[in-house]
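In UniProt numbering, the protein residues as written are 1 to 249.
Yeah, the Cβ is synthetic: ideal placement off N, Cα and C, and Gly gets one too.
Below: one structure, written as structure tokens.
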């Protein structure tokens, strides 16, 4: 699938997202507040998790092609807010520096080997762009949201793990004019762009189509909004099955 954002844009947007994330954390009443979409986590836990992830991905990118990620010790993030924010900023810069050094085409280990996304540093940057968020959902630029949907369906959904239900098809339609089709079967899940939004016609296959802006679709993909915010036509059970699915390869 054609990407909509270049490597330099991805790095710039990652830096901007990091700045916005730190501002949201700085404005929060406490580091002990609960994260609504991850109620078992405090805000401190979220910052530590994301900062640790950026440091791990920096090490993965720096290591180059590998069959496994490099071993790393558990994170030790400071508890004091200003120090924590500085630690997170340093985590982001560590990843950005590793990505700049490697460039977009260098191979590296990733957890999405069975997906349709390449195991490259460019794919790491593309995925990491979508990973940092906190607070009320904010509108994304169209190109970021469209790329976010595309990246999600090819990286987080596409897999060779067998679909444990009746064969199914899900279509996502963005009002900006882009559509994706997901096929689910015993062979796994695969995704493709649709040139036009055409309904799937096979009585033996469960089918549902989801309509919304690209921003709404990517927010739904990451659990930031519910399906009530979208226009849905067809078998709603398929969407619930997808949300509950945890494929293992």
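Cβ of residue 132 within 9 Å of Cβ of residue 108?
Their beta carbons are not under 9 Å apart, which means residue 132 does not touch residue 108 by this criterion.
How big is the Cα-Cα spacing for residue 80 and residue 100?
Cα to Cα, residue 80 sits roughly 30 Å from residue 100.
Sorted by chain position, which residues of the same chain lie with C-beta nearer than 8 Å to residue 104's C-beta, five sequence neighbours on each side aside?
Closer than 8 Å at Cβ, skipping near neighbours: 7, 120, 121, 122 and 125.
With DSSP as the reference, label residue 34 as helix, strand or coil.
If DSSP states are grouped into helix, strand and coil, residue 34 belongs with the strands.
Can you give the Cα-Cα distance for residue 196 and residue 41, rounded to whole angstroms?
The straight-line gap from Cα to Cα measures roughly 41 Å.
Can you tell me which of 51, 165 and 217 puts its alpha carbon nearest to the alpha carbon of residue 179?
That would be 217, whose Cα lies nearest to the Cα of residue 179.
Is the beta carbon of residue 50 closer than 9 Å to that of residue 31?
Contact flag unset, no.
If residue 63 and residue 70 are in contact, beta carbons under 8 Å, what's the gap, nearest whole angstrom?
With 8 Å as the limit, residue 63 and residue 70 qualify as a contact, their Cβ atoms being about 5 Å apart.
Just to confirm the assignment, what range does the beta strand (DSSP E) spanning residue 182 have?
178 to 185 is the extent of the beta strand (DSSP E) around residue 182.
Could you name the residues of the same chain whose beta carbon sits closer than 7 Å to that of residue 127, not counting the 5 residues immediately before and after it, in chain order?
Counting only Cβ-Cβ distances below 7 Å, and skipping sequence neighbours, we find 151 and 155.
Return the chain-ordered list of same chain residues with a C-beta closer than 6 Å to the C-beta of residue 252, the five sequence neighbours on each side being excluded.
Any question about residue 252 goes unanswered here, given that the chain covers just 1 to 249.
At which residues does the beta strand (DSSP E) containing residue 209 begin and terminate?
Here the beta strand (DSSP E) through residue 209 covers 206 to 212.
Does DSSP classify residue 194 as helix, strand or coil?
Here residue 194 sits in strand by DSSP.
May I have the straight-line CA-CA distance separating residue 46 from residue 227, to the nearest angstrom?
Near 24 Å, if we compare the C-alpha coordinates of residue 227 and residue 46.
Please list, in chain order, all residues of the same chain as residue 183 whose beta carbon is under 6 Å from its beta carbon, the five residues on each side excluded.
Correct list, in chain order: 169 and 190.
Work out the CA separation of residue 187 and residue 235 for me, nearest whole Å.
Between residue 235 and residue 187, the C-alpha separation is close to 21 Å.
Going by DSSP in three states, residue 110 sits in which element: helix, strand or coil?
Here residue 110 sits in coil by DSSP.
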